[in-house]
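Notes to accompany the following structure.
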Amino acid sequence: MVTVIREFNSLGEFVKTIDDDLSAMRKRLGELLRKLEELRVKVEQEKKIKTILSKLGAQAQKATEANVIELKTLKLIMNPTAQQEVSELEQAIENLNNKITQLQAVKKDLEVLGGMELEIKVTATYIDGVPKTIMIKVM
Numbered sequence: 459m460v461t462v463i464r465e466f467n468s469l470g471e472f473v474k475t476i477d478d479d480l481s482a483m484r485k486r487l488g489e490l491l492r493k494l495e496e497l498r499v500k501v502e503q504e505k506k507i508k509t510i511l512s513k514l515g516a517q518a519q520k521a522t523e524a525n526v527i528e529l530k531t532l533k534l535i536m537n538p539t540a541q542q543e544v545s546e547l548e549q550a551i552e553n554l555n556n557k558i559t560q561l562q563a564v565k566k567d568l569e570v571l572g573g574m575e576l577e578i579k580v581t582a583t584y585i586d587g588v589p590k591t592i593m594i595k596v597m
């Protein structure tokens with residue numbers, strides 16, 4: 459979990475930063491979705507090859523989790539199968555999509571304050587790239 463405190467000179471600056479973050483995340487999401495599609499094609503090709511080989515009498519080896527090593531704080535996958543790559547990428551996409559949804563919700567919540575013409579300073583506490591606490595100081 460990454461915690462960052464960021465300061466902004468106005469609510470508008472804060473909202474612009476959220477917009478910029480959303481744009482960057484959406485761009486990254488698009489890249490990950492393209493990569494996921496490529497991996498899914500690879501998985502399908504592997505399945506077709508295995509099907510053809512099994513018709514020729516070859517014994518298909520069942521996928522095992524022998525290449526997965528669980529460390530204290532992370533999982534290490536040695537020579538991942540295409541399916542393992544797809545699973546991990548799907549999880550990353552889901553997490554990124556959740557962050558996008560959370561940022562959109564924060565932006566929507568801030569629209570209520572957008573009409574105020576006050577000079578304010580904003581301090582936001584970000585946890586994992588999403589503002590969780592916002593402190594507004596009237597100047």
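Take 459 as the starting number for the sequence shown in my numbering and just add one per residue.
All C-beta atoms in this analysis are idealised placements derived from N, C-alpha and C, irrespective of residue type, glycine included.
Please read all numbers here as calculations on a predicted model, not as lab measurements.
Starting from residue i, follow its DSSP beta bridges and name the residues at the other end.
| i | result |
| --- | --- |
| R464 | A582 |
| T591 | T583 |
What are the boundary residues of the alpha helix (DSSP H) that includes residue i?
| i | result |
| --- | --- |
| T475 | 469 to 513 |
| T559 | 540 to 572 |
Locate the beta strand (DSSP E) running through residue i, then write down its first and last residues.
| i | result |
| --- | --- |
| E528 | 526 to 528 |
Which residue from the options puts its Cα closest to that of residue i?
| i | options | result |
| --- | --- | --- |
| N553 | A582, G587, A516 | G587 |
| I600 | E548, T581, K595, E577 | Outside the displayed range of the chain (459 to 597) lies residue 600, so it cannot be described from this structure. |
| I558 | D477, T461, S468 | D477 |
| K500 | G488, L511, I592, E543 | E543 |
Secondary structure at residue i, three-state DSSP: helix, strand or coil?
| i | result |
| --- | --- |
| L534 | strand |
For residue i, I'd like the list of residues in its chain whose CB is within less than 8 Å of its CB, leaving aside the five on either flank, ordered along the chain.
| i | result |
| --- | --- |
| V473 | K565, L568, G572 |
| K533 | V526, I527 |
| L490 | L547, A550, I551, L554 |
| R486 | L554 |
How about residue i: is its Cβ closer than 7 Å to a heavy atom in the ligand SAM?
| i | result |
| --- | --- |
| T539 | The model depicted lacks the ligand SAM and carries no ligand whatsoever. |
Apart from the five residues just before and just after residue i, which ones in its own chain have a Cβ nearer than 7 Å to its Cβ?
| i | result |
| --- | --- |
| E576 | First, the residue type needs correcting, since residue 576 is Leu and not Glu in the sequence shown. Taken in chain order, the residues that qualify are V596. |
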